[in-house]
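Engineer:
Residue numbers (our numbering): 176 to 461.
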């Protein structure tokens, strides 16, 4: 309902459906990656996520186009999106922190630093190195070979950096009411996002089937798929959001002054791009 200065949304079941969809997708993906089964659950979860996003976006678009949002609601959206991106930043910071801990502390300790008596008895022949190709426990097989950072990972980096440029051009064009330009550059951004996901799928196939780089390939395999997999999920969600923004631009939903949905999508996409730069440097290169 509307009280004149602030819109209070009606009760919605979308958050609950969203949690169930994401939970099902992640559980199915985990079982599928580790045991090779339950791929169907992962697929159903992904489809459910897409349906929840479609329904939720539809309701918000209807409210916006119905004139129910004022300046106060716009500020609420901006603060909400800012805090959401901050929570995502902390999400990835935890994984980068785990990577830093492994490389800086855990591996030297396993090599005998600081506790030589204990580690020398457990793994006398272990030598710390990163990426960890030979885990200290002989029952765990490390990857046979590593992905070159200067092939598919570099191509994906160029794709994402380019997508940030094309999205910025689209945003500036929208602010100047050049709708055709905004549409074309935003469509280019969507294509670049889809190309990134395609190349990442090829990279995963090569790593899993030809290089022995799997979730079971020691700590490096685990941290590789944890970081790149969650990032790929964020790129997927971001691409879906940009597709929605493209449809809205085509339908003439935004103006030069009021287009926060587009701006929020741009914030999210630039954040995802920045995370990839960190991944490329600390997972692939160094």
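The beta-carbon is built from N, C-alpha and C at its ideal position, and this holds for glycine as well.
Specify the secondary structure class of residue 315 as computed by DSSP and reduced to three states.
Structural biologist: If DSSP states are grouped into helix, strand and coil, residue 315 belongs with coil.
Engineer: From this set, 337, 450, 361, 189, which residue's C-alpha is nearest residue 265's C-alpha?
Structural biologist: When each option's Cα is compared against that of residue 265, the closest is 450.
Engineer: Just to confirm my understanding: we take residue 196, look at its own chain, exclude 5 residues before and 5 after, and list those with CB closer than 7 Å. What are they?
Structural biologist: Cβ neighbours of residue 196 beyond the five flanking positions: 220, 223, 224, 227.
Engineer: Spatial neighbours of residue 443 within its chain, please: CB distance less than 7 Å, with the 5 preceding and 5 following residues excluded, ordered by chain position.
Structural biologist: Cβ within range, chain order: 260, 413, 416.
Engineer: Starting from residue 443, trace the alpha helix (DSSP H) both ways and give me its first and last residue.
Structural biologist: Unbroken alpha helix (DSSP H) run through residue 443: 435-454.
Engineer: Do you know offhand how far residue 315's Cα is from residue 393's?
Structural biologist: Their backbone Cα atoms lie some 6 Å apart in a straight line.
Engineer: Which term fits residue 385, buried or exposed, when burial requires 16 or more other beta carbons within 10 angstroms of its beta carbon?
Structural biologist: The residue in question, residue 385, is exposed, as its Cβ has fewer than 16 Cβ neighbours within 10 Å.
Engineer: In chain order, what residues of the same chain lie with their CB nearer than 8 Å to the CB of residue 458, ignoring the 5 residues before and after it?
Structural biologist: Result list for residue 458: 274, 398, 399, 402, 403, in chain order.
Engineer: To the nearest angstrom, how far is the alpha carbon of residue 248 from that of residue 242?
Structural biologist: Taking the straight line joining both Cα atoms gives about 11 Å.
Engineer: State the Cα-Cα distance for the pair residue 453 and residue 395, rounded to the nearest angstrom.
Structural biologist: Each residue's alpha carbon lies about 16 Å from the other.
Engineer: For residue 441, which option in 304, 332, 284, 368 has the closest C-alpha, if you only look at C-alpha atoms?
Structural biologist: For the residues 304, 332, 284, 368, the minimum Cα distance to residue 441 belongs to 368.
Engineer: Is residue 427 helix, strand or coil by DSSP?
Structural biologist: Coil.
Engineer: Nearest CA to the CA of residue 366: which residue from 324, 327, 410?
Structural biologist: When only C-alpha atoms are compared, the closest one is 410.
Engineer: Work out the CA separation of residue 358 and residue 425 for me, nearest whole Å.
Structural biologist: Spanning the two alpha carbons is a distance of roughly 7 Å.
Engineer: Alpha carbon to alpha carbon, how far is residue 405 from residue 342?
Structural biologist: Roughly 22 Å between the two C-alpha positions.
Engineer: Evaluate residue 305 with the Cβ neighbour count: other Cβ atoms within 10 Å of its Cβ, from every protein chain shown; 16 or more gives buried, anything less gives exposed.
Structural biologist: Result: exposed.
Engineer: Looking only at its own chain, which residues have a Cβ that is under 8 Å from the Cβ of residue 218, when we skip the five neighbours before and after it?
Structural biologist: These residues qualify, in order along the chain: 203.
Engineer: Give the DSSP-derived three-state secondary structure of residue 238 in the structure shown.
Structural biologist: Here residue 238 sits in helix by DSSP.
Engineer: Run through DSSP, which three-state label would residue 244 get?
Structural biologist: Coil at residue 244, not helix or strand.
Engineer: Which residues bound the alpha helix (DSSP H) around residue 459?
Structural biologist: It is not in any alpha helix (DSSP H) - residue 459 carries neither H nor E in the DSSP assignment.
Engineer: Here's the rule I'm using: 16 or more other beta-carbon atoms within 10 Å means buried, otherwise exposed. How should residue 422 be labelled?
Structural biologist: By the neighbour-count rule (16 or more Cβ atoms within 10 Å), residue 422 is not buried but exposed.
Engineer: If I measure Cβ to Cβ from residue 460 and keep anything under 7 Å in the same chain, skipping five residues before and after, which residues do I get?
Structural biologist: Hits under 7 Å: 324.
Engineer: Judging by CA-CA distance, which residue of 456, 232, 198, 353 is the nearest neighbour of residue 216?
Structural biologist: Nearest C-alpha to residue 216: 198.
Engineer: So residue 280 is in the alpha helix (DSSP H); what residue range does that whole segment cover?
Structural biologist: Where residue 280 is concerned, there is no enclosing alpha helix (DSSP H), given that its DSSP letter is neither H nor E.
Engineer: DSSP three-state call for residue 306: helix, strand or coil?
Structural biologist: If DSSP states are grouped into helix, strand and coil, residue 306 belongs with coil.
Engineer: If you follow the alpha helix (DSSP H) that residue 192 is part of, which residue opens it and which one closes it?
Structural biologist: 189-210 is the extent of the alpha helix (DSSP H) around residue 192.
Engineer: CA-CA distance, residue 268 and residue 262?
Structural biologist: Each residue's alpha carbon lies about 10 Å from the other.
Engineer: Work out the CA separation of residue 351 and residue 431 for me, nearest whole Å.
Structural biologist: Approximately 6 Å between the Cα atoms of the pair.
Engineer: Can you check which of these residues, 436, 447, 448, 282, is closest to residue 255 by C-alpha distance?
Structural biologist: Considering only alpha carbons, the answer is 436.
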